[in-house]
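Heads up: the sequence shown begins at 19 in our numbering, then just goes up one per residue.
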Amino acid sequence: MTEDRVGFFTDTSVCIGCKACEVACKEWNAIPEDGLSLTGMSYDNTGALGASTWRHVAFIEQPRPDGRTELPLVDGAPDHGDGGGDDGGGGDLRWLMSSDVCKHCTHAACLDVCPTGALFRTEFGTVVVQEDICNGCGYCVPACPYGVIEQRPSDGRVFKCTLCYDRLGAGQEPACAKACPTESIQFGPLDELRERAALRVDQLHEQGVTDARLYGHDPDDGVGGDGAFFLLLDEPEVYGLPPAPVVTTRDLPAMWKHAGVAALSLLGGAAACFAAAAAAGRAAGRGVR
């Protein structure tokens with residue numbers, strides 16, 4: 019992995035759900051509309067990540083947890099405790115918002131299973147799809163432990179976040195991070211982002227927000243650490259994230275090893291059978307004489 023690896027740190031504690039990241043992503047990458055619209059049941063009009071949704075802002079409304087300290091308000095950040103009662107504030111509900119994106123895994127299963135090389139690791143440590151090489155086989159879709167990558171129905175090819183590979187090559191930051199008004203989406207060298215994230219968690223814990231935790235930052239997790247990791251205020255499942263993602267191809271080396279051992283055992287057994295049969299034949303021939 020490149021020493022100059024860059025990525026995202028998304029601090030959900032200051033996400034205001036404005037969708038500026040979604041709009042900037044769509045505009046810069048010329049992503050087609052995905053056919054979704056507001057239903058009146060939620061502010062979430064994109065639903066999930068997909069071939070035409072490379073950024074997805076999730077809106078979670080939940081009962082206010084008992085005995086937990088709510089976030090202190092900062093400029094531009096949401097009152098996560100508001101939205102409940104008829105008294106205009108401090109109700110029984112709270113909002114959690116988060117901008118999801120491809121994780122650009124250290125051990126990316128999509129790379130492992132791609133037969134054409136359409137998926138590749140860039141010099142920035144990100145994972146990008148080459149649209150002109152993708153053959154639409156779809157092997158990468160079930161391989162992704164996060165359910166990020168998806169085929170576009172119109173032609174079968176897969177699409178996902180490129181972390182604005184073209185902008186990185188020009189020395190610019192990704193469009194979503196550039197557009198984020200509260201710096202919920204932070205871009206930079208991964209090592210620096212991890213240090214910054216740890217300090218932010220400590221700060222929140224000191225303020226009594228003990229549920230604050232990092233997700234995807236650990237290089238020893240099931241995918242070797244994510245290139246896009248998060249500060250969450252509740253369990254990952256609340257945000258639609260798997261609690262313990264594992265690269266789906268992690269057992270391939272062991273499987274090939276076991277297959278090799280099994281093949282050698284079969285060959286050895288077959289050779290032993292042939293040798294025994296040959297010896298029996300020779301013994302029978304000597305008996306006839």
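Glycine included, each C-beta is placed from N, C-alpha and C at the ideal position.
Quick one, are the C-beta atoms of residue i and residue j less than 8 Å apart?
i: G58; j: L211; result: no
i: K44; j: C120; result: no
i: V145; j: H125; result: no
i: L249; j: L232; result: yes
i: R82; j: D62; result: no
i: F17; j: G226; result: Outside the shown range of the chain (19 to 307) lies residue 17, about which nothing can therefore be said.
i: G135; j: G245; result: no
i: T28; j: I203; result: yes
i: A195; j: F205; result: yes
i: L285; j: R23; result: no
List the whole-angstrom C-beta distance separating residue i from residue j, where the pair is believed to meet the contact cut-off of C-beta under 8 Å.
i: C198; j: A38; result: 6 Å
i: R69; j: E149; result: The amino acid occupying residue 69 in the given sequence is Ala; Arg does not appear at that position. Between E149 and A69 the Cβ distance is about 11 Å, and since that is not below 8 Å, they are no contact.
i: V265; j: G243; result: Contact doesn't hold; Cβ gap of about 11 Å is too wide.
i: T267; j: A127; result: 5 Å
i: L251; j: S31; result: 6 Å
i: P261; j: E255; result: 6 Å
Cα-Cα, which of the options is closest to residue i?
i: E36; options: V146, I151, T200 and E141; result: For clarity, residue 36 is Cys in the given sequence; the question names Glu instead. Closest option to C36, Cα to Cα, is T200.
i: V131; options: G143, C152 and L114; result: C152
i: C182; options: D29, A48 and G135; result: A48
i: A42; options: L137, V32 and W72; result: W72
i: V219; options: A230, E213 and A293; result: A230
i: L129; options: F142, R112, V147 and L54; result: V147
i: L114; options: P261, A289, Y257 and C194; result: Y257
i: P171; options: G53, R214 and I203; result: G53
i: F138; options: R112, T180 and R175; result: T180
i: A193; options: L284, E40 and I34; result: E40
i: C33; options: D84, P133, F292 and I78; result: I78
i: S60; options: Q80, P160, E224 and E253; result: Q80
Cβ of residue i within 7 Å of any heavy atom in the ligand MG?
i: T71; result: Absence of the ligand MG is noted for the structure shown, with no ligands found whatsoever.
Determine whether the Cβ of residue i lies closer than 8 Å to any Cβ atom of chain C.
i: K178; result: In the displayed structure, chain C is absent; only one protein chain is listed.
Could you name each continuous alpha helix (DSSP H) segment of 4 residues or more that falls completely within the stretch 131 to 183, going from the start of the chain to the end? 158 to 161
Does the count of Cβ pairs from the stretch 163 to 172 and the stretch 189 to 204 closer than 8 Å reach three? no
Taking contact to mean 3 or more Cβ pairs, one atom from each stretch, closer than 8 Å, check whether the stretch 146 to 163 and the stretch 109 to 118 are in contact. no
Quick one: which unbroken beta strand (DSSP E) runs of 3-plus residues sit fully inside the stretch 22 to 92? Chain order, please. 24 to 29 and 74 to 81
Which residue spans inside the stretch 200 to 268 form an unbroken alpha helix (DSSP H) run of at least 4? 208 to 224
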